[in-house]
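These protein sequences, in sequence, are chains Y and X.
Each residue of the first sequence is one higher than the one before, counting from 1 in my numbering.
Each residue of the second sequence is one higher than the one before, counting from 1 in my numbering.
What follows is a single structure, written as structure tokens, with notes after it.
Number of protein chains: 2
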Amino acid sequence: MLNFEFYNPAKIIFGKRTEESVGERSANFGKNILLHYGGGSIKKNGIYDKVIKSLKEQNLNIFELGDVKPNPRLSLVRKGIQMCKNNNIDFILAVGGGSVIDSAKAIAIGAKYDGDVWDFFVKGTIAKEAIPLGVVLTIPAAGSESSTSTVITNDEDNNYKRGMQSLEYIPKFAMLNPEFCYTLPKYQIACGCCDILAHLVERYFTEVENVELSDRLIEGAVKTIINNGTIAYNDNTNYDAWAEIMWTGTIAHNNLLNMGRIGDWASHQIAHELSGIYDLTHGAALSIVIPAWMKYVYKHNIDKFYQFATRVFHIIDEDKEKAVLKMIDKLEIWYKQLELPTRLADANIEPVRFEEMAERAFLHKEVIGNFKKLYKEDLVKIYNLCV
Amino acid sequence: MLNFEFYNPAKIIFGKRTEESVGERSANFGKNILLHYGGGSIKKNGIYDKVIKSLKEQNLNIFELGDVKPNPRLSLVRKGIQMCKNNNIDFILAVGGGSVIDSAKAIAIGAKYDGDVWDFFVKGTIAKEAIPLGVVLTIPAAGSESSTSTVITNDEDNNYKRGMQSLEYIPKFAMLNPEFCYTLPKYQIACGCCDILAHLVERYFTEVENVELSDRLIEGAVKTIINNGTIAYNDNTNYDAWAEIMWTGTIAHNNLLNMGRIGDWASHQIAHELSGIYDLTHGAALSIVIPAWMKYVYKHNIDKFYQFATRVFHIIDEDKEKAVLKMIDKLEIWYKQLELPTRLADANIEPVRFEEMAERAFLHKEVIGNFKKLYKEDLVKIYNLCV
């Protein structure tokens, strides 16, 4: 186990009707609230009305900024920063999924910074202060509700997608009501569960040895997301399944399961390029890339893969390689049950731009992945395994 | 899963040489430091010198209060409170295990309270403020380094042992260097691991249904403590085993694994009375009580016990009851490997004061346990199963 620091002060408020206290909790931070949300689904499913009601009961001044898109845009972040500065915003309330929360995080640090907010993403500028942030989560997937990360797309410059890390904008509270997931479209359920699984798999495959506790915790979380993803996909108002998915989504990405070890994260980067070029949803890119990545790298540490196959999928085979290949099969079967693509053709993608994607992935990097270090030619081979 | 709130802002600083920054981190909270510790083992093993060196490098004013005993005493807490008030203490640094940390927590709230500190323990007075607290952990067991609880014994009044809960005194930071465990006596290793296992078992057995994620996380932690407890017991300078034990001890008791469920805690209360009357170490009382409690209650929810037997101990039997009894056997074998008592006779305790202990346990309570509610006659029967 490596040395580590773990610190996560987000308060998780979990369960039915928890959103009713959002006004009271927000009021602890001041009078002027920026309410940040996405494309308007919260207005159709009633979440918007519930939040507004609770905020108004506290006589808060509500400034609204909606229209966050998937892959949240820098231009909207800038608009939010200006609103915060013009209206002395005391607190930002993000109501939505990972995109809305990521956008809110960038606004929160940008509004307390004199320079250009994009500096944080490309110049390594350290955020020293942020407007306090709260979350009402409506989509379990990204884990942004208690994570230290945000990813923003620069729509003013070639759609560069860049992330950053900071403790400053960890939400003060995140409200997770599993009932809010009942109205999610099937495709979004599938993509969300796939993303949560990916956060766990990326953390699991590490070259760091002697990480028994976190190995076992991740294995438990993987089993949970696999079981309950299938249930919620087929029974979208199953509270118990959604409760497991929401809580797993948070635990999967709040850094706890990463302590003392180094995650891989190659699959995310390989998938980002697919998403970028073909506008493929993040979860759907991951269901294609993760099996391909596994097939390409498993020999690098067959024991770790065999441990995953036996402990998570209960596959026993004297031939470790056979067991691992069976595990990858089973994982693909799960993706297919969720009607996710596992090959490029399933997403109607022609196998033609592999070199270009590999090149883009290495634009500012020399190597990708920590479990097995990958170079450009490796990425081309992995894209070929996606065919 | 039940509604819940999870909030734990303790910063865990884990690994080799982490204590070297204790001075710098303490200095963030002020100049006047109360250094709190136990019977002096830290002076023999060099930890005291390391901490003092780091504090002095920051020119901090160090006020020392040692001599914390197991089952920390109210009289010493009062002395600490007076020291804090007389010397304008800004920060309390607890160097030790659960007893030292619990004592420091009580001092931290008592020093910011005008009334009698014992009010918090018996009158339900709510702590509103505390002197900030830091921890250098030397014994993994109690989990107090990031928990919301403290237990103090009133040596001025009949040795009543009472606990309380508060978010106010959660340590600002806790430093966990597994190397600090190398000098622990074998008996303390065994008792510590037994206590950690008990924290997990108490949380596991719940009547709350649909708690798959936390079930699985607890199962992973139980396997980890069983594996690594045995290793460290036989090889006391095994860093990797100690790292697993220390991190498991913290995770086992920081409330994460209790979210959305209700733990049982009968075994702890039954064991407390054994400890109280016979001055038996907490861990050694638990290794006697837990198997007896399991034998007494397993029929109440055989499926939950069977799940534990199959998932943690990999026992498969068509007859669930046989499987559960095998599991209890295996657990007892583990305790014996650690040379812990599993029967009263192993601890030289005559089976004579069962009625008295049961009565003491119900002094201010009508019922004990949440998994299966227990009354006085149940406790007598459980004590009989300890014979």
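For every residue, glycine included, the Cβ atom is placed at its ideal position computed from N, Cα and C.
Query raised in the report: Which bits of chain Y does Met-1(X) rub up against, with CB to CB less than 9 Å?
Result: Correct list: Phe-14, Gly-15, Pro-178, Tyr-239, Asp-240, Ala-243, Glu-244 and Trp-247.
Report task. Show which residues of chain Y have a CB atom less than 9 Å away from the CB atom of Ile-251(X). Result -> Leu-213, Leu-217 and Leu-256
Query raised in the report: Does any residue of chain X bring its CB to less than 9 Å from the CB of Asn-210(Y)?
Result: Yes, because at least one Cβ of chain X sits closer than 9 Å to the Cβ of Asn-210(Y).
Query raised in the report: If the cut is a Cβ gap below 9 Å, which residues of chain X does Asn-406(Y) touch?
Result: Because chain Y spans 1 through 387 in this model, residue 406(Y) falls outside it and cannot be assessed.
Requested in this report: Give the residues of chain Y in contact with Thr-148(X), contact being defined as C-beta atoms less than 8 Å apart.
Outcome: Going along chain Y, no residue has its Cβ under 8 Å from Thr-148(X), so there is no contact; the nearest lies around 13 Å.
Query - Whole-number beta carbon distance between Ser-267(X) and Glu-219(X), since they are thought to touch under 8 Å - result: Their Cβ separation, rounded to whole angstroms, is 18 Å, which puts Glu-219(X) and Ser-267(X) out of contact at 8 Å.
Query - Neighbour flag for Asn-154(Y) against chain X, beta carbons, 9 Å - result: So, not an interface residue.
Requested in this report: Determine the direct distance from the alpha carbon of Trp-265(Y) to that of Gly-369(Y), and round the result to whole angstroms.
Outcome: Using only the alpha carbons, I get a separation of about 6 Å.
Report task. Please say whether Ile-131(Y) and Ala-111(Y) have beta carbons closer to each other than 9 Å? Result -> yes
Requested in this report: Go to Ile-62(X), then tell me how far its alpha helix (DSSP H) extends in each direction, as first and last residue.
Outcome: It is not in any alpha helix (DSSP H) - Ile-62(X) instead sits in the beta strand (DSSP E) that spans 61–65.
Query - Cutoff 6 Å; reference Glu-359(Y); Cβ partners in own chain excluding five residues on either side - result: none
Requested in this report: Return the CA-CA distance between Lys-16(Y) and Asn-236(Y), expressed in angstroms with no decimal places.
Outcome: Answer to the nearest angstrom: the Cα atoms are 16 Å apart.
Query raised in the report: With burial defined as no fewer than 16 other Cβ atoms inside 10 Å of the residue's Cβ, what is the status of Lys-304(X): buried or exposed?
Result: buried
Query raised in the report: Is Gly-97(X) near Ala-141(X), with beta carbons less than 9 Å apart?
Result: yes
Query raised in the report: Which one or two residues does DSSP pair with Ser-21(X) in a beta bridge?
Result: DSSP, once it has assigned bridges, lists no residue as partnering Ser-21(X).
Query raised in the report: What does DSSP give as the partner residues of Thr-150(Y) in its beta bridges?
Result: Met-164(Y)
Query raised in the report: Excluding five sequence neighbours on each side, which residues of the same chain lie with their C-beta closer than 7 Å to the C-beta of Val-100(Y)?
Result: His-36, Tyr-37, Gly-38, Val-68 and Ala-94
Requested in this report: Please confirm if Pro-185(Y) has its CB atom under 9 Å from at least one CB of chain X.
Outcome: Closer than 9 Å to the CB of Pro-185(Y) there is not a single CB belonging to chain X.
Query raised in the report: Do the CB positions of Ile-245(X) and Pro-291(X) come within less than 9 Å of each other?
Result: Contact flag unset, no.
Query - Same chain, Cβ closer than 6 Å to Lys-372(Y), neighbours up to 5 away in sequence not counted - result: Val-297 and His-300
Requested in this report: Would you mind telling me which residues of chain Y sit closer than 8 Å to Phe-205(X), beta carbon to beta carbon, in chain order?
Outcome: None at all; the shortest Cβ gap to chain Y is about 17 Å.
Query - Residues of its chain near Glu-416(X), where Cβ-Cβ distance is below 8 Å and the 5 sequence neighbours each way are ignored - result: Residue numbering for chain X in the displayed model covers 1 to 387; residue 416(X) lies beyond these limits and cannot be assessed.
Query raised in the report: What residues from chain Y crowd round Tyr-7(X), counting only those whose CB sits closer than 7 Å?
Result: Lys-11
Query - Contacts that Ala-221(Y) makes with chain X (C-beta to C-beta distance below 8 Å) - result: Near Ala-221(Y) (Cβ distances below 8 Å), the residues of chain X are Leu-213, Arg-216 and Leu-217.
Requested in this report: Report the neighbours of Phe-121(X) on chain Y: residues whose CB is nearer than 7 Å to its CB, in chain order.
Outcome: Under the 7 Å cutoff, chain Y gives no residues; its nearest Cβ is about 26 Å from Phe-121(X).
Requested in this report: Tell me whether Phe-362(Y) sits in a helix, a strand or coil according to DSSP, three-state version.
Outcome: Three-state result, Phe-362(Y): coil.
Query raised in the report: At what residues does the beta strand (DSSP E) containing Glu-5(X) begin and finish?
Result: Per DSSP, Glu-5(X) belongs to the beta strand (DSSP E) from 4–14.
Query - Minimum Cβ-Cβ distance from Met-327(X) to chain Y less than 9 Å - result: no
**Report entry** Sheet register partners of Phe-173(X) (DSSP bridge)
**Finding:** Partner(s): Lys-11(X) and Gly-134(X).
Query raised in the report: What does a CB cutoff of less than 6 Å around Phe-354(Y) pick up in its chain, not counting 5 residues either side in sequence?
Result: Here the set comprises Val-380 and Tyr-383.
Query raised in the report: Asn-109(Y) lies in the alpha helix (DSSP H); which residues open and close that run?
Result: The sequence as given places Ile at residue 109(Y); Asn does not occur at that position. Ile-109(Y) -> alpha helix (DSSP H) spans 98–110.
Query raised in the report: Does the count of Cβ pairs from the region 11–27 of chain X and the region 172–179 of chain X closer than 8 Å reach three?
Result: yes
Requested in this report: Check the Cβ-Cβ distances between Phe-4(X) and every residue of chain Y, and say whether any is below 9 Å.
Outcome: Judged by the 9 Å Cβ criterion, Phe-4(X) is in contact with chain Y.
Requested in this report: Could you name the residues that DSSP lists as bridge partners for His-36(X)?
Outcome: Leu-65(X) and Ala-94(X)
Query - Partners in chain X for Thr-310(Y), counting only beta-carbon separations shorter than 7 Å - result: Within chain X, no residue has its beta carbon less than 7 Å from that of Thr-310(Y); the closest one is some 11 Å off.
**Report entry** Chain-ordered chain Y contacts of Ser-224(X) [CB-CB under 8 Å]
**Finding:** Just to set this straight, residue 224(X) is Thr in the shown sequence, not Ser. Correct list: Glu-212, Leu-213 and Arg-216.
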